[in-house]
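Take a look at the structure below.
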Amino acid sequence: MSVVDVQQPSLLQLTDAPLDLATLGPAFNQDPYPFYKEMRETGPVREVVLFGLPMWLITRYEEAKQALADPRIKHDRRHATAEVRAKGPWLFATEQLGFDRYMLATDAPDHTRLRKMVSKVFTPRRVRELRPRIQEITDGLIGKFLPRGEADLMEELAYPLPLAVISELLGVPQDEQSHLRDWAAAFSSVGAVAPEEIIRAFAVTRDYFAEFIQAKQREGLLVEDEHDTDLLTALIHLHDEGDQLDLNELLAMVFQVLVAGFETTANMYGNGGLALLNHPEKMAELIADPSLLPGAIDEMIRYDAPVKNPWMRFSVEDVPIGGTVIPAGSVVAVNLAAANRDPDRFPDPDIFDIHRADASANLGFSHGPHFCFGMPLAHAEGEIGFGTLLARCENLALGVDPSELRYRPSPSMRILQRLPVTFTPRAA
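Per this note's numbering, the sequence shown runs over residues 31 to 458.
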């Protein structure tokens with residue numbers, strides 16, 4: 031028998047029953063990509079069980095794009111069946127608190143209306159005008175750990191930078207910003223901890239921002255141009271042909287901005303930073319030519335996506351995808367991380383290539399009507415954060431053995447717990 035004839039043992043241990051992802055063990059959480067590869071090859075649209083809830087998991091690029099844009103696969107939880115509600119109570123935590131009408135959990139025409147209103151105040155101009163402040167925050171954070179020659183990039187850059195940016199975007203005072211991290215972390219833990227814990231965390235978030243919003247409503251809009259105030263104040267006082275966001279819609283919008291703008295960006299720093307540390311030759315190229323950074327950010331997101339499975343969807347009809355029919359009434363999960371490693375779309379997908387011409391075609395920010403409106407801000411933070419780090423820290427290297435790195439359990443996100451590094455401080 032030749033070498034090419036040798037069959038590798040299956041990582042999935044497939045049977046006739048739906049694949050329970052819990053049976054894949056810690057190795058799946060630590061490095062899911064070998065598992066994703068086998069899923070794409072043996073069944074890119076397959077029935078699985080995640081935290082006790084049966085669902086259809088999509089792992090190949092073309093099928094993922096189709097599902098993300100298919101109007102028969104809904105985001106609105108009102109399409110969930112009674113069986114789904116019984117088996118997956120963790121999916122409905124925000125619904126119990128009355129602020130689930132955010133864009134990720136709505137479909138047209140509600141989603142169209144909400145997105146139109148947000149786009150009036152979350153503009154390219156607002157992101158451009160934030161860049162100097164992002165640079166200032168980045169300089170301050172790196173300046174704190176620079177003299178030590180070592181840092182935990184997760185705790186000292188990846189988390190505090192987007193936290194500060196999102197807090198200022200929402201107008202949250204600096205002395206209250208630390209609470210936001212705990213609230214955002216609760217969302218990324220949905221499914222991994224008891225629903226009661228999630229509901230408690232969400233309730234605190236709701237109560238804080240309800241009071242915060244009402245105070246801003248009483249204060250009124252004190253500027254003529256909405257770009258001269260924070261995003262939340264602009265949303266509160268936004269009128270569109272007589273339409274205005276109510277309190278629950280504002281709370282839901284804050285919830286989405288907080289989660290999408292903080293935790294996912296932190297994961298981009300962690301996963302992208304680790305990719306650079308594991309490929310020092312690519313890091314050297316970026317130091318020599320910072321103009322490569324925008325493409326490198328795209329490749330970081332493709333190579334190790336911050337979000338594995340965006341929020342679950344619900345099929346309202348039988349939907350044929352990739353030769354499989356997903357029955358009406360099913361839960362559908364689109365695995366962005368697996369799709370971004372599809373060799374049919376990205377040649378040599380397991381290679382980290384900052385020169386990859388089509389890296390921007392990655393699905394890290396989703397696709398279709400729910401494409402992430404915060405993508406320009408995430409890119410700006412990535413370019414400024416990584417650019418400043420590489421400019422100020424010479425000989426940047428991983429500070430621990432790679433085997434010591436761990437990922438937080440999460441059904442939706444890929445979250446490094448720590449990223450210790452060592453470096454030689456470089457003068458500004």
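C-beta: ideal position from N, C-alpha, C; glycine also.
In this structure Ile331 is in contact with Gly394, their Cβ atoms being roughly 4 angstroms apart against a cut-off of 8 angstroms. Secondary structure note for Pro455: it is in no alpha helix (DSSP H), and the uninterrupted beta strand (DSSP E) holding it is 450 to 455.
Check the Cα spacing between Pro406 and each of Ala421, Ser390, Leu420, Leu419: the tightest is with Ser390.
The C-beta of Gly291 has 16 or more other C-beta atoms within 10 Å across all chains shown, which makes the residue buried.
The DSSP-derived three-state label of Tyr437 is strand. Contact check for Pro324 against His409 passes: the beta carbons are separated by less than 8 angstroms. In this structure, Ala57 keeps its C-beta atom at 8 angstroms or more from the C-beta atom of His105. Listed as beta-bridge partners of Cys423 by DSSP are Pro455. Three or more Cβ pairs closer than 8 angstroms define a contact, and the segment 170 to 184 falls short of that threshold against the segment 275 to 282. It is roughly 44 angstroms from the alpha-carbon of Gly398 to the alpha-carbon of Gly179.
The Cβ atoms of Arg145 and Phe403 lie closer than 8 angstroms to each other. Taking the C-beta atoms as reference points, Pro340 is found no nearer than 8 angstroms to Asn59. Between Leu87 and Arg76, the C-beta spacing is below 8 angstroms. The shortest C-alpha to C-alpha distance from Gln244 to any of Phe232, Leu51, Ile229, Leu265 is the one to Leu265. Beta-bridge analysis with DSSP links Glu180 to Thr452. Setting aside the 5 residues that flank it on each side, Val430 is surrounded in the same chain by Pro450, each with a C-beta closer than 6 angstroms to its C-beta; the list follows chain order. Contact check for Glu93 and Gly352: beta-carbon distance about 4 angstroms, within the 8 angstroms limit, so the pair qualifies. By the neighbour-count criterion, in which a residue is buried when 16 or more other Cβ atoms sit within 10 angstroms of its Cβ, Leu44 is exposed.
Burial check for His141: the Cβ neighbour count within 10 Å reaches 16 or more, so the residue is buried. Look at the segment 100 to 180 and you find these whole runs of alpha helix (DSSP H), each 4 residues long or longer: 112 to 117, 123 to 126, 140 to 151, 154 to 175. Its chain contains Ala305, Phe382 as the residues whose beta carbon lies nearer than 7 angstroms to that of Tyr333, once the 5 sequence neighbours on both sides are disregarded; these appear in chain order. Contact between the segment 44 to 54 and the segment 312 to 322 is not established, with fewer than three Cβ pairs separated by less than 8 angstroms. Counting along the chain, Ala367 sits inside the alpha helix (DSSP H) bounded by residues 366 to 369.
Here DSSP, grouped into helix, strand and coil, assigns Arg236 to helix. Pairing Val284 with Asp100 gives a Cβ-Cβ distance that is not under 8 angstroms. According to the DSSP assignment, Arg375 belongs to no beta strand (DSSP E), since it is labelled neither H nor E.
The three-state secondary structure of Ala47, taken from DSSP, is coil. Look at Glu271 here: in three-state DSSP terms it is coil, with no helix or strand label. The beta carbon of His309 lies closer than 8 angstroms to those of Phe382 in the same chain, with the five residues before and after it left out. For Arg343, the enclosing beta strand (DSSP E) stretches over residues 343 to 345. The alpha-carbon of Ala318 is positioned some 12 angstroms away from that of Glu424.
In the three-state scheme derived from DSSP, where H, G and I count as helix and E and B as strand, Arg76 is classed as strand.
Lys338 sits close to Arg444, with the two beta carbons spaced by under 8 angstroms.
Contact between Leu191 and Glu434 does not hold, since their C-beta atoms are separated by about 24 angstroms, which reaches or exceeds 8 angstroms. Leaving aside the five residues that flank Leu98 on each side, the residues in its chain whose CB is nearer than 8 angstroms to its CB run, in chain order, Val364, Leu393, Ser396, His397, Gly398, His400. Residue range 354 to 356 is occupied by the beta strand (DSSP E) that includes Thr354.
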